[in-house]
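What follows is a set of notes on a single structure, which appears directly below.
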Amino acid sequence: MIKKLLCTLFLVLVQTVVSAQTNTYTGTNSSWSTASNWSLGVAPTASHDVIIPSGKTVTIDINAEAKSISIKGRLTLNTTLRFVVHGNFDVAAGTTVPVVPEGNFKIVENGNSSTTLIVLGNYTNNGTTDFDKGDVIIVGDLTTPSTSTLQNLGNVIVGGNIIGDFNLQGSVQANQQIYAVNPNATVIITPTSIDTDVVPGTQVTTITETASLVTLVNQYVYGGSCPFTITDIANISTCSGSNAVFTVTTNASSPSYLWQVNTNGSGWVDLTNGASYSGVTSSTLTITGVVIGMNNYKYRAKITGGSPSCTKNGNYGVLTVNTLLSQPILSSTAIPLDCTSITGTFTITNYNASYIYAVSPSTGVTISGSTVTAPAGSYTLTAALGTCISASSSSVTISNPITTTWNGTSWSNGIPLGNSNIVFTGSYPPAIDPAIDLSGCSCQITGSSTVTIKSGRTLTVVNGINVPGSASLIFENKASLVQTNNDGLNTGNIIYKRLTTPIKKFDYTYWSSPVSPQTLYNVSPSTLSDKFFSFDSAVEDWKQENSSTIMSKGKGYIIRAPENNDPTPPPPGLHEATFIGTPNNGTVSISSVINDKSYLIGNPYPSALDANKFLTDNSSVLDGTLYFWTHNTSIQLASGITNGSAGSGVYAYTSDDYATYNLTGGAATSATILGLDPVVPTGKIAAGQAFFATTKPTIPANSSIIFNNTMRVSGGILGINNAQFFRTAKSSKTKDAIEKHRVWLNLTNSEGAFKQMLVGYVTDATNDYDDAFDGESFDGNQFVDFYSINDDKNLTIQGRALPFDKNDEVVLGYSSTIAGTFSISIDQVDGILTSEDVFIEDKMTNSVKNLKEGAYSFSTGAGAFNDRFVLLFTQKTLGTDNFGEFDNSVLISKDKNELKIKSELESIKRITVFDLLGRKIFDKEAVNSNEFRTSNITLNKQLVVVKVILANGKEISKKVIY
25 MIKKLLCTLF LVLVQTVVSA QTNTYTGTNS SWSTASNWSL GVAPTASHDV IIPSGKTVTI
85 DINAEAKSIS IKGRLTLNTT LRFVVHGNFD VAAGTTVPVV PEGNFKIVEN GNSSTTLIVL
145 GNYTNNGTTD FDKGDVIIVG DLTTPSTSTL QNLGNVIVGG NIIGDFNLQG SVQANQQIYA
205 VNPNATVIIT PTSIDTDVVP GTQVTTITET ASLVTLVNQY VYGGSCPFTI TDIANISTCS
265 GSNAVFTVTT NASSPSYLWQ VNTNGSGWVD LTNGASYSGV TSSTLTITGV VIGMNNYKYR
325 AKITGGSPSC TKNGNYGVLT VNTLLSQPIL SSTAIPLDCT SITGTFTITN YNASYIYAVS
385 PSTGVTISGS TVTAPAGSYT LTAALGTCIS ASSSSVTISN PITTTWNGTS WSNGIPLGNS
445 NIVFTGSYPP AIDPAIDLSG CSCQITGSST VTIKSGRTLT VVNGINVPGS ASLIFENKAS
505 LVQTNNDGLN TGNIIYKRLT TPIKKFDYTY WSSPVSPQTL YNVSPSTLSD KFFSFDSAVE
565 DWKQENSSTI MSKGKGYIIR APENNDPTPP PPGLHEATFI GTPNNGTVSI SSVINDKSYL
625 IGNPYPSALD ANKFLTDNSS VLDGTLYFWT HNTSIQLASG ITNGSAGSGV YAYTSDDYAT
685 YNLTGGAATS ATILGLDPVV PTGKIAAGQA FFATTKPTIP ANSSIIFNNT MRVSGGILGI
745 NNAQFFRTAK SSKTKDAIEK HRVWLNLTNS EGAFKQMLVG YVTDATNDYD DAFDGESFDG
805 NQFVDFYSIN DDKNLTIQGR ALPFDKNDEV VLGYSSTIAG TFSISIDQVD GILTSEDVFI
865 EDKMTNSVKN LKEGAYSFST GAGAFNDRFV LLFTQKTLGT DNFGEFDNSV LISKDKNELK
925 IKSELESIKR ITVFDLLGRK IFDKEAVNSN EFRTSNITLN KQLVVVKVIL ANGKEISKKV
985 IY
């Protein structure tokens with residue numbers, strides 16, 4: 025086909041080119057009309073390809089013609105003359121072609137002929153052209169690059185494209201205009217002020233131009249001046265090997281048609297029907313099997329019609345031929361759907377930004393660059409450019425996540441460890457427990473299967489679980505169900521078991537529910553019905569709950585131990601709570617919280633909760649410290665014990681207290697023994713665990729405390745993350761993402777009193793109060809409190825700035841309702857403090873003790889003491905001031921109902937009275953006297969602590985019985 029087409033085109037061109045001859049100027053007198061000046065011995069004619077060599081100057085002094093012309097020297101067209109070039113007009117670089125010499129041309133407005141240049145092909149200017157007040161008709165394209173110069177003060181009518189730089193000089197008259205008469209023309213002119221005036225498709229009419237110029241345009245551009253009209257022919261873009269169809273319409277009566285082609289600007293050639301062209305004498309021209317060589321060919325129809333008959337050409341249409349499009353190549357492996365996505369992706373490896381791609385099937389499909397996103401299925405793809413469409417690609421398949429089924433003995437598609445749906449059709453685990461964690465997109469139990477997730481193991485699903493009523497999904501103590509998609513939907517019930525730390529009959533445990541619905545009664549059926557409580561944050565007091573109350577998601581409750589939980593002899597027993605319901609998942613909110621209040625909240629999920637993430641996400645609402653109630657044993661006074669031994673001495677103390685945690689770390693409620701940390705919060709809040717958190721003094725309006733799935737964590741190795749329901753277990757030492765250097769100090773006595781505090785040097789902490797790193801004492805211990813002091817706050821945990829400074833000093837304080845001998849000792853250290861000394865300075869005794877060498881023992885009376893101890897990290901030389909003399913110089917006594925205080929050495933600054941619970945019952949500031957009396961304290965048979973602060977800052981605390 026291509027061979028036939030090329031042969032046809034060759035024959036057409038041969039028929040239209042008749043003995044073309046080259047005629048070169050060789051003369052010296054510049055005359056065009058002198059025959060002896062030309063290489064052929066005759067002046068140029070319409071059959072000559074004319075060349076003006078470099079260095080030659082020629083003046084057209086008669087009306088002249090040429091087949092084509094190439095100017096490398098200089099050519100001048102004199103006034104009133106006409107020069108017709110039947111092909112292309114080419115001006116070489118460095119040459120000048122003034123149509124009329126400057127100043128010798130006059131615009132004839134009385135109908136006389138003006139100087140006229142007619143080019144039936146393309147005009148290409150690579151040198152300097154001066155269209156000075158002449159009429160220029162170019163049937164093809166006018167091109168003048170920025171390296172050339174083209175001046176125009178006349179009328180320039182172009183049948184093709186106009187691209188280039190124009191330099192208008194002189195006074196432009198109203199009737200001097202540039203026309204792009206073809207609506208399909210491309211016009212790009214500099215300066216743009218000219219470009220905006222040259223609108224493609226603007227016709228030359230006698231309204232704006234002379235009748236003689238309109239006649240020339242009709243003759244040379246349209247081939248005749250006829251009364252009928254011809255519609256513009258649309259451009260066509262197609263691809264190599266395709267067919268193209270041009271159509272023309274006219275209102276001429278009895279029209280006849282003849283299609284013409286302009287292949288390269290050399291002129292219009294009549295077409296004949298053949299292998300490549302058909303319909304050349306009709307209104308529709310069909311080109312069969314176009315080839316790349318036809319790109320930018322122009323086609324028009326010459327129409328004869330009307331009465332009397334006349335002939336006229338229409339505007340041309342341009343054929344754009346694109347190369348045959350390559351078949352798209354797709355990535356051999358598509359990215360399948362994952363657990364949360366409803367689409368996967370594949371890639372167009374030979375992507376071309378110029379192409380428009382179509383995918384089949386197309387439902388739900390999007391294309392972005394070279395990436396195709398689509399639902400599960402098989403797809404093919406085609407590329408298009410204009411009307412060119414490629415062959416279809418090979419197919420590629422996006423697959424759904426696989427399903428692996430446990431039939432009671434084995435998995436159908438391997439152990440579920442990620443992107444798969446999990447189905448149990450048989451009971452699990454087998455007799456020989458594989459002791460592995462399972463993870464997948466979803467989990468479904470079928471039939472009557474019983475699936476048990478053993479203690480310490482984790483089932484992780486992205487989406488939901490489905491447990492029918494005939495089946496069971498059981499999570500043993502320390503097992504975890506982790507879900508990552510907040511929108512995952514759970515159906516059916518699970519059984520979640522939670523074992524408490526050791527408790528006695530009168531101990532309370534802080535609970536939250538990991539499932540819904542769950543009643544308080546079902547947590548501990550043997551607990552007395554009046555021993556279920558929640559915490560009313562608005563009034564900050566306990567609220568008794570009906571045992572049938574359904575536990576709210578994220579809310580904490582306290583429940584006393586079962587009545588039958590009273591083993592004889594001690595130690596305390598364990599209680600296993602069973603939660604039955606649909607597992608909680610997704611965002612849980614405690615809404616409309618009030619500023620500066622304590623809230624009893626709890627982990628709402630059947631998996632551990634990351635305390636750091638919880639604190640960070642709620643940092644705009646909550647102070648940065650969490651408080652966990654411990655309940656290993658009850659606090660006991662020997663006189664009040666009715667069951668079991670009171671231990672040695674008058675008192676036997678235990679440490680019911682709040683363990684604390686913030687971003688600095690956790691502080692315990694009992695000492696580390698043989699490497700065991702019974703109640704140090706690790707930063708992982710176990711399933712079922714409730715705790716206290718305090719809102720900030722100022723919070724945004726309509727604030728909420730938020731839980732979500734991003735805070736959930738797996739059970740970890742052997743379930744350690746979900747193990748700390750405040751029970752005796754070895755600490756999990758995990759590497760923190762931030763730098764920490766910490767020391768835990770214990771305050772103890774020989775009868776069992778205990779309180780721990782923590783000081784740590786931590787990334788992002790400062791030496792001011794930071795609610796994310798500093799935690800105030802909750803003072804839940806009835807007998808002792810131990811803390812560091814910063815910004816007038818008593819801190820169970822204090823974070824301090826990095827880098828660690830050996831010269832740093834931290835003020836320590838304590839309070840006690842019992843006089844006697846106590847010890848301060850190191851519980852543990854980490855980071856750089858493992859290799860640094862840790863000292864305690866006693867300002868009362870003027871002594872310093874290296875705690876790395878052993879505990880420091882001291883005697884104390886009852887009261888609060890906030891200026892006695894300082895934590896040091898370098899040895900300090902002390903003076904010999906007598907710090908104890910002030911104790912003997914202050915007399916505190918009670919006469920009937922009157923409290924009397926007298927100071928012999930210093931005036932009294934402030935007096936504060938506390939009950940044994942640490943509550944402030946009297947406070948008087950700015951006393952500024954050596955004596956003070958008051959009868960405004962009303963108490964009945966109660967022991968109180970009176971703290972006196974002297975003008976020099978010294979504090980004296982003594983017990984007084986009312």
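If you use my numbering, the sequence shown corresponds to residues 25 to 986, in order. Where a beta carbon is used, it is the ideal one built from N, C-alpha and C, also for glycine.
| task | Taking 7 Å as the cut-off, decide whether the C-beta atoms of L348 and C250 are in contact. | result | no
| said: Judging by CA-CA distance, which residue of D565, G111, S558 and S300 is the nearest neighbour of S571? | reply: When only C-alpha atoms are compared, the closest one is S558.
| said: My parser needs the beta strand (DSSP E) runs of 3 or more residues fully inside the region 426-462; what are they? | reply: Taken in chain order, the complete beta strand (DSSP E) segments of 3 residues or longer contained in the region 426-462 are 426-430 and 444-448.
| Contact under 7 Å by Cβ, P352 with S402 | no
| task | Compute the Euclidean distance between the alpha carbons of S63 and G158, then round it to the nearest angstrom. | result | 29 Å
| field | Exposed unless 16 or more other CB atoms sit within 10 angstroms - verdict on D461 | value | With 16 or more other Cβ atoms from the protein chains shown falling within 10 Å of its own Cβ, D461 counts as buried.
| query | What is the rounded straight-line gap between the Cα of N437 and the Cα of E500? | reply | 26 Å
| said: Quick check: the Cα distance between S738 and G885, rounded to an integer number of angstroms? | reply: A direct Cα-to-Cα measurement between S738 and G885 gives close to 48 Å.
| request: Look at N510 and G610 and say whether their C-beta atoms are less than 7 Å apart. | output: Their beta carbons are under 7 Å apart, which means N510 touches G610 by this criterion.
| Should T772 be counted as a contact of the ligand FMN given a C-beta to heavy atom distance under 6 Å? | The model depicted lacks the ligand FMN and carries no ligand whatsoever.
| Going by beta carbon distance, what residues of the same chain come within less than 6 Å of M735, once the five residues before and after it are set aside? | Contacts found: L633, D634, K637 and F638.
| request: Using beta-carbon positions only, say whether L915 and K926 come within less than 7 Å of one another. | output: yes
| Residue from S71, I76, T602 and T69 with nearest C-alpha to Y49 | I76
| said: Check for me: the alpha helix (DSSP H) holding Q243 runs from which residue to which? | reply: Counting along the chain, the alpha helix (DSSP H) containing Q243 begins and ends at A235 to Y244.
| query | According to DSSP, is V272 helix, strand or coil? | reply | In the structure shown, V272 sits in coil (DSSP, three-state: anything other than H, G, I, E or B).
| Anticipated Cβ contact below 8 Å, T230 with V223, distance rounded | Contact doesn't hold; Cβ gap of about 19 Å is too wide.
| Can the beta-carbon of I327 be found closer than 7 Å to that of I254? | yes
| Residue range of the alpha helix (DSSP H) that includes S300 | Note, S300: premise wrong, no alpha helix (DSSP H); not H, not E.
| What's the call for N185, buried or exposed, on a 16-neighbour Cβ count within 10 Å? | buried
| message | Pairs of beta-carbons, one from the region 259-278 and one from the region 144-153, closer than 8 Å: are there three or more? | response | No: fewer than three Cβ pairs fall under 8 Å.
| said: Starting from F638, trace the alpha helix (DSSP H) in both directions and tell me its first and last residue. | reply: From DSSP, the alpha helix (DSSP H) with F638 extends over A635 to D641.
| query | G512 to A268, Cα distance in whole Å? | reply | 57 Å
| message | Need the endpoints of the alpha helix (DSSP H) that T216 sits in, please. | response | Where T216 is concerned, the enclosing alpha helix (DSSP H) stretches over T216 to D219.
| message | Helix, strand or coil, according to DSSP, for V66 in the structure here? | response | Here V66 sits in coil by DSSP.
| query | What is the C-beta distance between Y581 and L544, in whole angstroms, given that I count them as a contact (C-beta under 8 Å)? | reply | 6 Å
| request: Leaving aside the five residues before and after E564 along the sequence, list all residues of the same chain whose C-beta is less than 7 Å from its C-beta, in chain order. | output: K621 and S622
| When the Cα atoms are used, what is the spatial distance from T533 to R584? | 6 Å
| Nearest-angstrom Cα distance between Y997 and G330? | An answer regarding residue 997 cannot be provided, because it is not within the stretch 25 to 986 covered by the chain.
| query | I think Q780 touches D798, with their Cβ atoms under 8 Å apart; what is that distance to the nearest whole Å? | reply | Not a contact, Cβ separation roughly 16 Å.
| DSSP three-state assignment for L646, whether helix, strand or coil | strand
| So V163 packs on G178, CB below 8 Å; how close in whole Å? | Between G178 and V163 the Cβ distance is about 17 Å, and since that is not below 8 Å, they are no contact.
| Which stretch, first to last residue, makes up the alpha helix (DSSP H) that contains L544? | L544 to V547
| query | To which residues of the same chain is A382 closer than 6 Å at the C-beta, ignoring the five residues directly before and after it? | reply | T406
| query | In this structure, does DSSP put L875 in helix, strand or coil? | reply | helix
| field | Spatial distance of K754 from P526 (CA atoms) | value | Since pLDDT at K754 reaches only 28, below the 50 mark, its modelled position is unreliable, and no value is offered.
| said: Mapping the DSSP letters down to three states, classify N608 as helix, strand or coil. | reply: N608: coil per DSSP, three-state reduction.
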